[in-house]
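Enquirer: What follows is a structure written as structure tokens; I'll ask about it next.
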DNA sequence: ATCGTTTCTTAACAAATGTGAACGAACTTG
DNA sequence: CAAGTTCGTTCACATTTGTTAAGAAACGAT
């Protein structure tokens, strides 16, 4: 999985082996047990994490109901960049839906990496873009498609999640009641 | 309106008068007529704009239908930061819903400002955060609230927009058919 | 001001989604 | 393994939202 990470970094810019090594050396292994939080609403996000294995959910609590806004799984970065960058308290939470192994990068280590080679900012910029684009897509889906279409699109585009995320979270993510999702599945 | 802008910038960090002057001097006045585009899908966003007067809409086209994802009005910054920062082609468009006056900041001028004082990056970081937060809120609203609740929330929180954005755009933004919105208004 | 176009409203009906309740399956915990 | 809990399914019924069509109102261009 580290290969994947390095490949991803290289694809962003032409970093030297030295720089890559320094970057990788700044990561620390970290585990989150299923159900535990990586980030809680109100906290400042002090790390980004590269997921080696497992699955996490970003969510917002609305009237006591957890509404997922995104998911991330092995081979992807996770964390709340706004909070990480601006040190503002997060307005959403991130928790593990499975036991999850991370390579964690602290804000202070990111600072050092940036001092060494400012082009590493591209990592953040790229990740911001990915995350923003995926969000506005989902928003447009919610605004434009009916429940059935949203579910079909989810099935088609998020195959990896279908059997790993509980139905009721998928339902909430799609803006559907669990019973209705159950009906659609027939 | 320039006062507002300067106040906003000062609120982000303790910039010197010199730096502020340099920043303001990098802006160029620019007009967009109602219906004209500031950015079209597929283009790279080469400017940010501070809106002096007017109103613009960010939108995505879905099956020939324009789905607004956000609005911006006088006193606010506009532009597609992902595209601006990463020089990637935009996956959404921005057009004026009213004749709009901007102070425009080009990517190359932003570069110069950043050379002078790297802390100006906070402008972008802050703006990214605002925009991301407002998006995930809207997403959660679409997923969680029914049409009536979404409309009521919009009426309450977006008073400035209610009478300036055409109904059918408000409807599309809220994920409702125009006829249904009309019914709700009674 | 007039004509043509676009936007908004209304209504009847159809379709989709929510609600509440019940039940069994699957998963935890002791 | 047993008991308790959570999760997923099903159903009947209520409510919301979409659809189609028509006309009224507002807007723009000549």
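Residue numbers (UniProt numbering), protein chains in the order written: chain A, 1 to 186; chain B, 1 to 186.
By construction, the Cβ of each residue, glycine as well, lies at the ideal position given by its N, Cα and C atoms.
Within 10 angstroms of the Cβ of residue 57 of chain A, are there 16 or more other Cβ atoms? Answer buried if so, exposed if not.
Expert: Counting Cβ neighbours within 10 Å, residue 57 of chain A comes out buried, since at least 16 surround it.
Enquirer: Which partner residues of residue 79 of chain B appear in the DSSP bridge assignment?
Expert: Paired residues: none, contrary to the question.
Enquirer: Just to confirm my understanding: we take residue 53 of chain B, look at its own chain, exclude 5 residues before and 5 after, and list those with CB closer than 6 Å. What are they?
Expert: If we look at residue 53 of chain B and ignore the five residues flanking it on each side, its Cβ neighbours are 74, 101.
Enquirer: Which residue from A:165, A:184, A:30 puts its Cα closest to that of residue 236 of chain A?
Expert: Because chain A here runs from 1 to 186, residue 236 of chain A falls outside it and cannot be looked at.
Enquirer: Taking only the alpha-carbon atoms, compute the straight-line gap between residue 62 of chain B and residue 179 of chain B and give it to the nearest angstrom.
Expert: Taking the straight line from one Cα to the other gives about 19 Å.
Enquirer: Have a look at B:150, B:140, B:5, B:157 and flag the residue whose alpha-carbon is nearest the alpha-carbon of residue 181 of chain B.
Expert: Nearest of B:150, B:140, B:5, B:157 to residue 181 of chain B, Cα basis: B:150.
Enquirer: Could you list which residues in chain A have their beta carbon closer than 7 Å to that of residue 142 of chain B, in chain order?
Expert: Within chain A, the residues near residue 142 of chain B are 139, 142, 143, 175.
Enquirer: Tell me, please, whether the CB atom of residue 18 of chain B is closer than 7 Å to any CB atom in chain A?
Expert: So, not an interface residue.
Enquirer: What are the boundary residues of the alpha helix (DSSP H) that residue 113 of chain B is part of?
Expert: It spans 107–116 - the alpha helix (DSSP H) in which residue 113 of chain B sits, taken as one unbroken run.
Enquirer: Who does residue 32 of chain B pair with in a DSSP beta bridge?
Expert: Looking at the DSSP assignment, residue 32 of chain B forms a beta bridge with B:100.
Enquirer: In the structure shown, what three-state DSSP assignment does residue 42 of chain B receive?
Expert: Reduced to three states, the DSSP call for residue 42 of chain B is coil.
Enquirer: Give me the chain B residues within the contact set of residue 125 of chain A, using Cβ-Cβ distance strictly less than 7 Å, ordered along the chain.
Expert: By Cβ distance, chain B contributes 85, 86.
Enquirer: In three-state DSSP terms, what is residue 95 of chain A?
Expert: Of the three classes helix, strand and coil, the one that applies to residue 95 of chain A here is strand, per DSSP.
Enquirer: Name, please, each residue of chain B whose Cβ falls closer than 8 Å to the Cβ of residue 67 of chain A.
Expert: Here the neighbours are 140, 143, 144.
Enquirer: Please go through the region 132–184 of chain B and give each complete alpha helix (DSSP H) segment of 4 or more residues, from N-terminal end onward.
Expert: Whole alpha helix (DSSP H) segments, 4+ residues: 147–157, 159–162, 167–174, 178–184.
Enquirer: Apart from the five residues on each side of it in sequence, which residues of its chain come closer than 6 Å, Cβ to Cβ, to residue 120 of chain B?
Expert: So the qualifying residues of the chain are 113, 114.
Enquirer: Could you say which of B:143, B:175, B:165 lies nearest to residue 70 of chain A if we only look at CA atoms?
Expert: Out of B:143, B:175, B:165, B:143 has the C-alpha closest to the C-alpha of residue 70 of chain A.
Enquirer: Starting from residue 4 of chain A and walking both ways along the alpha helix (DSSP H), at which residues does that stretch end?
Expert: Looking at the DSSP string, the run of the alpha helix (DSSP H) that includes residue 4 of chain A is 2–12.
Enquirer: Quick one: list the residues of chain B neighbouring residue 72 of chain A, beta-carbon separation under 9 Å, in chain order.
Expert: Near residue 72 of chain A there are no residues of chain B at all, since even the closest Cβ is about 15 Å away, more than 9 Å.
Enquirer: Cβ of residue 161 of chain A within 7 Å of Cβ of residue 128 of chain A?
Expert: In this structure, residue 128 of chain A does not lie closer than 7 Å to residue 161 of chain A by Cβ.
Enquirer: State the CB to CB distance for the pair residue 86 of chain B and residue 125 of chain A, rounded to an integer number of angstroms; the pair is presumed to be in contact (CB under 8 Å).
Expert: Sure, about 6 Å apart at Cβ, within 8 Å.
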